[in-house]
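Adding 2 to a residue's 1-based position in the sequence shown gives its number in our numbering. We put the beta carbon where it would ideally sit given N, CA and C, even for glycine. The next block holds one structure in the form of structure tokens; read it before the comments.
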Amino acid sequence: MRSKIAAGFGALSMAVGMVVALPALPVAAAAPGYHLKYGQTWSKGTVTFNNRSVAVVGQQKSVSKTDCRRTYASAHAANGKELGYAISPWVCGTTAKYSLNVPANVRGGAAYVRVHFQDHAANTVARATVRKP
Numbered sequence: 003m004r005s006k007i008a009a010g011f012g013a014l015s016m017a018v019g020m021v022v023a024l025p026a027l028p029v030a031a032a033a034p035g036y037h038l039k040y041g042q043t044w045s046k047g048t049v050t051f052n053n054r055s056v057a058v059v060g061q062q063k064s065v066s067k068t069d070c071r072r073t074y075a076s077a078h079a080a081n082g083k084e085l086g087y088a089i090s091p092w093v094c095g096t097t098a099k100y101s102l103n104v105p106a107n108v109r110g111g112a113a114y115v116r117v118h119f120q121d122h123a124a125n126t127v128a129r130a131t132v133r134k135p
């Protein structure tokens, strides 16, 4: 019985030693960000590239109740082809958060995302391109 206990303890000691010897995992890189401004209005946030989609999370501000703003994000392949898009709700005279899931249903996902800040007529007033790290 003692030999079984000793063998079990030896195996446990080796397993603990192997766990301790594992290299540290790399720290995830920070998601690239954007900050679009137009007058006193803005949209800012981060972009996280996933395998077949892109998460665009941020907040936007409109100072006028009649001149609303929204954020439009489109995912693109390396050749420039648009893979999908998503649009935030309008914000009028306030600040609001948004979370967009932009489809990029190709192997490897999107190469870059274009984030547009739009006025009440859906015209782009500011734009940023965020490339996959």
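If you run the structure through DSSP and keep just helix, strand and coil, what is residue i?
i      : result
His37  : strand
Gln120 : strand
Pro91  : coil
Gln42  : coil
Gly86  : strand
Arg133 : strand
Gly47  : strand
Ala79  : coil
Val96  : First, the residue type needs correcting, since residue 96 is Thr and not Val in the sequence shown. Note: Thr96 maps to coil in three-state DSSP.
Thr68  : coil
Just to confirm before moving on: does the CB-CB distance between residue i and residue j stay below 8 Å?
i      : j      : result
Arg116 : Ser76  : yes
Val108 : Val58  : no
Val127 : Tyr40  : yes
Phe51  : Ala88  : no
Tyr36  : Ala130 : yes
Using DSSP's beta-bridge definition, name the partner residues of residue i.
i      : result
Asn103 : Ala57
Val108 : In the DSSP output, where bridge partners are listed per residue, Val108 has none listed.
Ala2   : The structure shown does not extend to residue 2, since the chain is modelled only from 3 to 135, so the question has no answer here.
To the nearest whole angstrom, what separates the beta carbons of residue i and residue j, a pair I think is in contact under 8 Å?
i     : j      : result
Gln61 : Tyr100 : 7 Å
Lys63 : Val93  : 7 Å
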